[in-house]
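Numbering (this note's numbering), first residue to last: 1 to 313.
Below is one structure; the comments refer to it alone.
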Amino acid sequence: MGKQPTPVRLLGLPPVTELVETRKRFAQELRRTAQLRTEGLVRAFAEVPRERFLPPGPWSVWNMATWAYERTPDADPAHLYFDAPVGIDPTRFLNNGQPSFVAGLIDALELRSGDSVAHVGAGTGYFTAAIATTVGPTGSVMAIELDSELAARAAHNLSPWRQVTIVNADGCQHDLGQVDAILVNAGATAPRPLWLDSLRPGGRLVLPLVRWPKQGKDAGASGRGIVFRVERRGDAYAASVLRPVVIFPCVGGIDPEADQSLAEAMARLDQGELIRSLRRDKHERLSTCWLHGDGYCFSQLPVGARSRSEPES
1 MGKQPTPVRL LGLPPVTELV ETRKRFAQEL RRTAQLRTEG LVRAFAEVPR ERFLPPGPWS
61 VWNMATWAYE RTPDADPAHL YFDAPVGIDP TRFLNNGQPS FVAGLIDALE LRSGDSVAHV
121 GAGTGYFTAA IATTVGPTGS VMAIELDSEL AARAAHNLSP WRQVTIVNAD GCQHDLGQVD
181 AILVNAGATA PRPLWLDSLR PGGRLVLPLV RWPKQGKDAG ASGRGIVFRV ERRGDAYAAS
241 VLRPVVIFPC VGGIDPEADQ SLAEAMARLD QGELIRSLRR DKHERLSTCW LHGDGYCFSQ
301 LPVGARSRSE PES
């Protein structure tokens with residue numbers, strides 16, 4: 001065999017070939033940890049450079065065991081390819097989130113090449129880049145970020161992904177058009193009609209529903225809730241629980257009355273209730289209603305089914 005080429009070093013960083021292999025190992029770790037089924041998403045995490053979406057190193061990495069930031073010893077990007085949040089602005093507790101958690105949410109969208117996706121709460125764009133790489137150049141991604149500084153950084157970071165459009169707006173109000181999938185990367189107290197209306201037939205929505213009481217004895221529940229997957233089936237919507245969650249709120253998606261309804265519903269879900277559908281038709285509160293709100297109802301009934309006590313339409 002001939003002499004092997006010497007790996008190229010840039011600005012004192014580790015060999016490029018080593019970093020490529022580090023990303024590949026990271027992607028396989030995420031496949032196992034988050035039980036990813038979308039092959040395109042696994043490839044995306046093997047390709048997208050996380051360091052591009054973070055401030056210059058050294059970095060503040062969140063230690064899940066000690067519940068505190070730990071500073072990396074240097075600016076070697078290899079420190080970023082672990083399953084831990086990394087501080088974008090630690091003074092605000094603003095992080096690039098835990099990769100296995102967000103990867104699991106993206107995986108639940110069952111993205112395919114060519115899909116159109118809305119990402120509400122895009123931050124600086126790392127997970128948006130993973131979504132864009134998964135749907136490929138024939139797909140499209142609308143990355144929505146309310147914070148103007150973060151939106152500007154995302155626009156710069158995501159410039160190589162031409163299928164991405166960055167919007168500095170409130171994702172609870174901005175017109176998404178008609179899309180195949182929506183990831184809401186923040187917590188709301190209720191599903192927004194805008195998100196449900198924006199799903200094409202067969203479209204999927206992944207949404208964290210969380211408590212956000214303003215004050216009082218329930219304040220410790222802030223940000224705690226459940227992630228739901230919703231799929232549009234004609235004029236009806238299937239729904240299922242994905243996992244518990246602790247996450248920051250989606251500004252514009254928090255309502256005090258809905259928070260109280262969610263608190264009562266979450267207590268019942270702990271007792272083993274199974275959610276099968278999200279109803280939007282007008283009906284009285286029934287024993288099969290898990291979360292019965294204004295214009296929405298997470299129900300134990302299968303899609304399209306009615307309770308025996310309901311009148312025929």
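Backbone N, C-alpha and C fix where the C-beta goes; we use that ideal spot for every residue, glycine too.
The model shown is predicted, which means the values in this text are computed figures rather than measured ones.
Quick one, are the C-beta atoms of residue i and residue j less than 7 Å apart?
{"i": "Asp107", "j": "Leu30", "result": "no"}
{"i": "Gly225", "j": "Pro208", "result": "yes"}
{"i": "Ile131", "j": "His174", "result": "no"}
{"i": "Val210", "j": "Gly223", "result": "yes"}
{"i": "Trp212", "j": "Asp270", "result": "no"}
{"i": "Val48", "j": "Ala129", "result": "yes"}
{"i": "Cys172", "j": "Gly253", "result": "yes"}
{"i": "Arg50", "j": "Leu80", "result": "yes"}
{"i": "Ser198", "j": "Gln163", "result": "no"}
{"i": "Gly121", "j": "Ala186", "result": "yes"}
Since residue i is in the alpha helix (DSSP H), which residue starts that stretch and which ends it?
{"i": "Arg306", "result": "Careful: Arg306 lies outside any alpha helix (DSSP H) and carries neither H nor E."}
{"i": "Asp382", "result": "One cannot answer for residue 382 here, as it falls past the ends of the chain, which runs 1 to 313."}
{"i": "Leu314", "result": "Here the chain comprises residues numbered 1 to 313, so residue 314 is not present and cannot be evaluated."}
{"i": "Gly104", "result": "Pro99 to Ala108"}
{"i": "Ser198", "result": "Pro193 to Ser198"}
{"i": "Leu150", "result": "Ser148 to Asn157"}
Report all residues from its chain with a CB closer than 6 Å to the CB of residue i; omit the five preceding and five following residues, and keep chain order.
{"i": "Ala118", "result": "Met142, Leu176, Val179 and Ile182"}
{"i": "Ser100", "result": "Leu30, Thr33, Ala34 and Asp83"}
{"i": "Ser148", "result": "Asn168"}
{"i": "Gly123", "result": "Leu150"}
{"i": "Thr6", "result": "At Thr6, the pLDDT of 41 sits below 50, so the modelled position is not reliable; the number obtained from the coordinates is stated separately. Answer for Thr6: no residue qualifies."}
{"i": "Leu146", "result": "Asp170 and Val251"}
{"i": "Thr22", "result": "Ala78 and Tyr81"}
Taking only the alpha-carbon atoms, compute the straight-line gap between residue i and residue j and give it to the nearest angstrom.
{"i": "Trp195", "j": "Ala169", "result": "15 Å"}
{"i": "Pro90", "j": "Val167", "result": "24 Å"}
{"i": "Gly202", "j": "Thr66", "result": "42 Å"}
{"i": "Pro20", "j": "Ala27", "result": "The sequence as given places Val at residue 20; Pro does not occur at that position. In a straight line, the C-alpha of Val20 is about 11 Å away from that of Ala27."}
{"i": "Asp83", "j": "Gln98", "result": "6 Å"}
{"i": "Ser277", "j": "Phe127", "result": "28 Å"}
{"i": "Lys282", "j": "Arg306", "result": "12 Å"}
{"i": "Pro302", "j": "Asp235", "result": "14 Å"}
{"i": "Leu11", "j": "Asp74", "result": "Its pLDDT being 43, under 50, Leu11 is placed unreliably by the model, and nothing is read from it."}
{"i": "Leu291", "j": "Leu262", "result": "7 Å"}
{"i": "Val206", "j": "Gly57", "result": "32 Å"}
{"i": "Arg233", "j": "Cys297", "result": "16 Å"}
{"i": "Val245", "j": "Ser159", "result": "31 Å"}
{"i": "Leu105", "j": "Gln300", "result": "22 Å"}
{"i": "Trp161", "j": "Tyr237", "result": "32 Å"}
{"i": "Leu54", "j": "Pro191", "result": "30 Å"}
{"i": "Pro137", "j": "His156", "result": "18 Å"}
{"i": "Asp255", "j": "Thr72", "result": "39 Å"}
{"i": "Arg285", "j": "Val251", "result": "28 Å"}
{"i": "Arg153", "j": "Val230", "result": "30 Å"}
{"i": "Ala188", "j": "Ser113", "result": "29 Å"}
{"i": "Phe45", "j": "Pro85", "result": "15 Å"}
{"i": "Glu257", "j": "Arg25", "result": "46 Å"}
{"i": "Ser116", "j": "Arg204", "result": "11 Å"}
{"i": "Lys3", "j": "Ala239", "result": "Summary for Lys3: the model assigns pLDDT 42, below 50, so the residue's position carries little reliability, and this model does not support an answer."}
Starting from residue i, trace the beta strand (DSSP E) in both directions and tell me its first and last residue.
{"i": "His292", "result": "Cys289 to Gly293"}
{"i": "Ser113", "result": "Run containing Ser113: none; DSSP gives neither H nor E here."}
{"i": "Thr165", "result": "Val164 to Asn168"}
{"i": "Ile182", "result": "Val179 to Val184"}
{"i": "Tyr126", "result": "Per DSSP, Tyr126 belongs to no beta strand (DSSP E); it is in the alpha helix (DSSP H), Tyr126 to Val135."}
{"i": "Glu70", "result": "Ala68 to Arg71"}
{"i": "Ser222", "result": "From DSSP, Ser222 is part of no beta strand (DSSP E); its letter is neither H nor E."}
{"i": "Arg279", "result": "Ser277 to Arg279"}
{"i": "Gly87", "result": "Val86 to Asp89"}
{"i": "Glu145", "result": "Ser140 to Glu145"}
{"i": "Val61", "result": "Ser60 to Asn63"}
{"i": "Tyr296", "result": "Tyr296 to Ser299"}
{"i": "Arg243", "result": "Ala236 to Val246"}
{"i": "Leu54", "result": "From DSSP, Leu54 is part of no beta strand (DSSP E); its letter is neither H nor E."}
Kindly list the residues whose CB is nearer than 7 Å to the CB of residue i, restricted to its own chain and excluding five residues on each side of it in sequence; keep chain order.
{"i": "Thr38", "result": "Asp107, Glu110, Leu111 and Thr134"}
{"i": "Val241", "result": "Ile226, Phe228 and Ile275"}
{"i": "Leu36", "result": "Leu30, Val42, Ala103 and Asp107"}
{"i": "Gly304", "result": "Ala236"}
{"i": "Thr288", "result": "Ser299, Gln300, Leu301 and Ser307"}
{"i": "Ala265", "result": "Trp290 and Leu291"}
Return the chain-ordered list of same chain residues with a C-beta closer than 8 Å to the C-beta of residue i, the five sequence neighbours on each side being excluded.
{"i": "Gly295", "result": "Pro193 and Arg280"}
{"i": "Arg243", "result": "Gly104, Ile226 and Val227"}
{"i": "Ala69", "result": "The amino acid at residue 69 is misidentified as Ala; the sequence shows Tyr. Correct list, in chain order: Ser60, Val61, Trp62, Asn63, Gly87 and Pro90."}
{"i": "Leu13", "result": "Unreliable positioning characterises Leu13 in this predicted model, as indicated by a pLDDT of 47, which lies under 50. A coordinate reading is not provided."}
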